[in-house]
Amino acid sequence: MKYTPKYIATRSVTRLRQTVARLDRRARWTLGPLLVLLVFSVPLWSAATRLRSIVLPASAASVVVPILVYHSVAPTHAGQNREQRLLDVDTAMFRQQMYYLVANRYAVVPLSAVVDALQGRGTLPANAVAITFDDGWLTQFDNALPILEQLHLTATFFIITRQIGPKFMGVGELKALQRAGMTLASHSRTHPDLTKVSASQLRDEVAGSRQDLQKLLGVTTDLFAYPYGCWNKRVAAVVQGAGYRAARALGDGIANTGADRYALHSVLATDDMAAFERGLHGSLVAARIPSGGRPHGLLLSATR
Ligand SMILES: [Zn+2]
46 MKYTPKYIAT RSVTRLRQTV ARLDRRARWT LGPLLVLLVF SVPLWSAATR
96 LRSIVLPASA ASVVVPILVY HSVAPTHAGQ NREQRLLDVD TAMFRQQMYY
146 LVANRYAVVP LSAVVDALQG RGTLPANAVA ITFDDGWLTQ FDNALPILEQ
196 LHLTATFFII TRQIGPKFMG VGELKALQRA GMTLASHSRT HPDLTKVSAS
246 QLRDEVAGSR QDLQKLLGVT TDLFAYPYGC WNKRVAAVVQ GAGYRAARAL
296 GDGIANTGAD RYALHSVLAT DDMAAFERGL HGSLVAARIP SGGRPHGLLL
346 SATR
């Protein structure tokens, strides 16, 4: 007899029947329905997969990578209000959080790698996490950089390009960050709420800060972070038009899709280890900033 597909199919069914028939009565009642389920689940599964590929375009695939956001990293000191105590992560706490990532086998990747994945241009390792710093505080250079270097971790620093020294990093420090393998990116020129500025100021803050980084450091950045995390469609369109390929917002958890590229969700890192661990697992109540204000707006005004 020829081994036609029909013969093979018939033979498979016959063998299946024979196998079931060999089982004792008790086992048949258990395994019979299971085998039937197994036989029918294959076409059902492939149909479901086809349907999903039709309903969801490839760009809608979710990339689950916590993007951590730090501000100042400095020892706790007297006179800090509650907001500052949370947002100014103590150096020892920062070390503990970085050690936690290493000990728990997180793979720290550059933020650009997350954006690559969202654009379908690359894959990420399991347990990926990205580290970012806002505002360019000098404390990031003095206290965070040595810990990052010691653990061979990379991070992206979002710089306010018209705030260079003395409480903020100067050109020397920024160049040292570059040499250490860190990414420098834009956090606007003067840190206004971009949803509230004129069209010309918006362009100046967004495109101008990109030019500043080019002049100061010779880098052409394609990453932006919204001051205070504030954005709307108009702001995002200007950011995209200025040549950036992604922009990070504040909060909203650990999952992003291609549609979130100009408002990347992130996790605000605070001086609280339990909240840090919750944030890594995607809890939206990771950081509880009291008073309901805009978190690092308060920080900036209080420490400037
Ligand atoms: Zn900021």
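Residue 136 in my numbering sits at position 91 of the sequence shown, with consecutive numbering throughout.
Virtual Cβ for every residue (Gly too), placed ideally from N, Cα, C.
Here the structure is a predicted model, which is why all the values come from computation and not from measurement.
The Cβ atoms of V312 and L163 do not sit closer than 8 Å to each other. The beta carbon of L247 is closer than 8 Å to those of L239, R279, V280 and V283 in its chain, skipping five residues each way along the sequence.
Here A173 is not near G167, since their CB atoms are 8 Å or more apart.
Per DSSP, the unbroken beta strand (DSSP E) holding F269 starts and ends at L268 to A270. A Cβ-Cβ distance of about 11 Å is found for the pair L183 and L219, leaving them out of contact under the 8 Å criterion.
Comparing C-alpha distances from T235 to each of V118, H326, G303 and Q208 shows the shortest one belongs to Q208.
When the Cα atoms are used, Q259 and V242 turn out to be separated by approximately 24 Å.
Per DSSP, the continuous beta strand (DSSP E) segment holding V114 begins and ends at I112 to Y115. The beta carbons of A200 and F139 sit about 11 Å from each other, so the pair does not count as a contact at 8 Å. Counting only residues of its own chain and dropping the five nearest sequence neighbours on each side, L222 has a CB closer than 8 Å to the CB of F186, L190, F202, M214 and L229. Distances from the CB of D179 to the heavy atoms of ligand 1 include at least one below 7 Å.
Within the chosen limit of 7 Å, ligand 1 does not reach the beta carbon of H122 with any heavy atom. Comparing C-alpha distances from V154 to each of N301, P170 and G181 shows the shortest one belongs to P170.
Taking a C-beta distance under 8 Å as the contact criterion, P237 and P272 qualify as a contact pair. If you look at R293, you'll find it isn't in any alpha helix (DSSP H); it sits in the beta strand (DSSP E) that goes A291 to D297.
By the 16-neighbour rule on beta-carbons within 10 angstroms, M143 is buried. Contact annotation: A294 and G324 have beta-carbon atoms that are not nearer than 8 Å. A244 is classed as exposed because its beta carbon has fewer than 16 other beta carbons within 10 Å across all chains shown. By the neighbour-count criterion, in which 16 or more other beta carbons inside 10 Å mark a residue as buried, S107 falls on the exposed side.
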